[in-house]
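Following my numbering, the numbering of the sequence shown begins with 69 at its first residue and continues without gaps.
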Amino acid sequence: MIEIGSERIQVFDTTLRDGEQAAGNRLTPRQKLEIAHQLNTLNVDVIEAGFPASSPGDLEAVKLIARKIRGPVITGLARAVEKDIDQLWEAVCKAEQNRIHIVLGSSDKHISGKFSSSREAVLQRGVDAVRYAKKLTDQVEYSTEDASRSDFDYLCRVVEEVIKAGATVVNIPDTVGWAVPEEFGPLIHRIKERVPLTDKVILSVHCHNDLGFATSNTMAAIKNGAQQVEVTINGIGERAGNASLEEVVMLLDRRGDYYKRGTNIDISEILTTSKMVSEMMALPVQANKAIVGKNAFAHSSGIHQDGILKETGTYEIIPPKLLGLDKHQIILTARSGKHALKHTYNELGIQLNDRELKQLYPHFLNFADSHKNISHSDLKKLYKSAVDR
Ligand code: KIV
Ligand code: ZN
């Protein structure tokens, strides 16, 4: 269901299309279907299931997902050529809700460099493609590829003409991660101002992470009126990847005071989805990755551990329970203090009194200085050897 002017941000998940473009990747149609089921449980609004014209396997995968998944809109990518649009339609026509997503460059680098064409000819090609798609289905999305490096007046003409031709979603991609938030946010604002017809469609953004700004640019766009975000699980995607679903969703959830927008995502499913995508695509998640990294809820320095044990809000802005985790982790290291040590022994069922703690602590530090990981059995041995009972 397309909601225009809604407070709710539509989450368009492209893990199975742009995410699968991450170097060295290939999923079978069955694997794609399994991930699509999990994306459905996560409650995304749109699943971009693949690029059917790219290979027979991808055509089959998108078809399978369109037949089996009920709930989200199912789409796939097509270039602005009838053959691609036909193949995409063949793949998604059985979906409960389908969408045709067309991409065509709007920057001069694409128009002359890639297509050896002219602005007018490319504009006409885009309009013709939308008209063609519109005869097949209602929901047509048009992506102005490389929008952030396109001439502003020309970009606005394209946006206006494709809406007149029937596009219901217009996507403004920062295809190569070139934009910075202070210009990408205003770009969305200026497009809305210059093309009043954008009020009649969903304005979407799709940001890449080449310079590390994918999430920031997406958030700046939301602040300036974008209603759909194109994101991937774990931020995977072409080159340095895309804006990550979990970061955008958690920013909206945690900083609702600032963004005043939300999503329909079931946050308690984020970690399961992240793990599934990482394992199936053999793409490990970096330990310090926001939200889903192994260290995202691990506190290891004494100052932080002391603070968090006294009042969780000191160093914890996301309650771990929101994500289905029991609680934060206290990791004992040579930077840990007595408070964390006592707490950990307590959890092991060993209540240290002040004398025992004082006696044990220097032994613990010596041990921690030469060991990366300290296990519960290490702690029990240390207790037996260092404390006079
Ligand atoms: O990065 C890009 O511009 C794309 C389009 C297909 C939206 O992936
Ligand atoms: Zn992309």
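Heads up, the beta-carbon is just placed ideally off N, CA and C, and yes, glycines get one too.
Can you tell which of the options has its C-alpha closest to the C-alpha of residue i?
i	options	result
Leu390	Tyr413, Phe365, Ile399	Phe365
Lys268	Ala294, Phe119, Pro430, Ile103	Ala294
Thr331	Ser342, Glu314, Ser346, Leu339	Glu314
Leu351	Phe80, Leu95, Gln78, Glu75	Leu95
His169	Tyr210, Asp221, His396	Tyr210
Val79	Val237, Lys202, Tyr429	Val237
Gly195	Arg147, Lys182, Thr401	It should be noted that the sequence gives Val, not Gly, for residue 195. Of the candidates Arg147, Lys182, Thr401, the one whose C-alpha sits nearest the C-alpha of Val195 is Arg147.
Asp437	Gly280, Gly87, Arg329, Ala402	Ala402
Lys232	Val208, Ser218, Met287	Val208
Ala308	Val263, Ala282, Tyr326, Asp321	Ala282
Phe220	Glu158, Arg262, Arg423	Arg262
Leu132	Val299, Thr109, Ile103, Ile385	Ile103
Arg85	Leu156, Gly139, Leu450, Glu150	Leu156
Leu172	Leu145, Cys161, Val160	Leu145
Val100	Thr300, Ile153, Met348	Residue identity differs from the one stated: residue 100 is Lys in this sequence, not Val. Of the candidates Thr300, Ile153, Met348, the one whose C-alpha sits nearest the C-alpha of Lys100 is Met348.
Arg467	Gly87, Lys136, Asn111, Ile77	In the structure displayed, the chain extends from 69 to 457; residue 467 sits before or after that span and is not available.
Asn277	Arg423, Thr266, Ile304, Ile386	Ile304
Lys202	Lys395, Cys161, Ala189, Arg76	Cys161
Ala134	Val149, Lys151, Glu150, Glu116	Glu116
Leu223	Leu191, Gly87, Gly118, Arg138	Leu191
Asn310	Ser186, Asp81, Glu75	Asp81
Val297	Ile333, Leu279, Ala355	Ile333
Gly392	Tyr383, Gly375, Ile359	Ile359
Indicate, with yes or no, if the ligand FMN has a heavy atom lying under 6 Å from the CB of residue i.
i	result
Leu255	No copy of the ligand FMN appears in this structure; the ligands present are the ligand KIV and the ligand ZN.
Exercise for the section: Quick one: residues with CB closer than 6 Å to any heavy atom of the ligand KIV, in chain order, please. Expected result: Asp86, Leu145, Val171, Ser211, Glu213, Asn239, Pro241, Thr243, His274, His276
Practice task
Would you check if the region 241-254 and the region 203-214 touch, i.e. whether three or more CB-CB distances between them fall below 8 Å?
Solution key: With a cut-off of 8 Å, the region 241-254 and the region 203-214 count as touching, because enough Cβ pairs lie within range.
Problem - Segment contact, 8 Å Cβ cut-off, at least three pairs: the region 120-133 with the region 365-381 - result: These segments do not touch.
Problem - Runs of beta strand (DSSP E) wholly within the region 247-327 (minimum 3 residues, chain order) - result: Assignment of beta strand (DSSP E) within the region 247-327, counting only whole runs of 3 or more residues, yields 270-275, 296-299 in chain order.
Exercise for the section: At 3 residues or longer, and completely inside the region 158-214: list those beta strand (DSSP E) runs for me, N to C. Expected result: 166-173, 208-213
Handout entry: Any 3 or more C-beta pairs closer than 8 Å across the region 175-192 and the region 159-166
Key = Short answer: they don't touch.
Handout entry: the region 409-417 touching the region 332-349, judged by at least three CB pairs closer than 8 Å
Key = Because the criterion of three Cβ pairs below 8 Å is not met, the region 409-417 and the region 332-349 do not touch.
Practice task
Determine, using beta-carbon pairs with one atom in the region 367-376 and one in the region 393-400, whether at least three such pairs fall under 8 Å.
Solution key: Yes, since at least three Cβ pairs between the region 367-376 and the region 393-400 fall closer than 8 Å, the two stretches touch.
Exercise for the section: Starting from the N-terminal side, write out each stretch of the beta strand (DSSP E) that is 3 residues or longer and does not extend beyond the region 76-114. Expected result: Counting only runs of at least 3 residues, the region 76-114 fully encloses the following beta strand (DSSP E) elements, listed from N- to C-terminal order: 78-81.
Exercise for the section: Could you name each continuous alpha helix (DSSP H) segment of 4 residues or more that falls completely within the region 400-444, going from the start of the chain to the end? Expected result: 406-415, 422-437
Practice task
Only counting runs of 3 or more residues, tell me where the beta strand (DSSP E) segments fall wholly within the region 334-401, in order along the chain.
Solution key: none
Problem - Sequence ranges, alpha helix (DSSP H) only - wholly within the region 125-162, length at least 4 - result: Runs found: 150-160.
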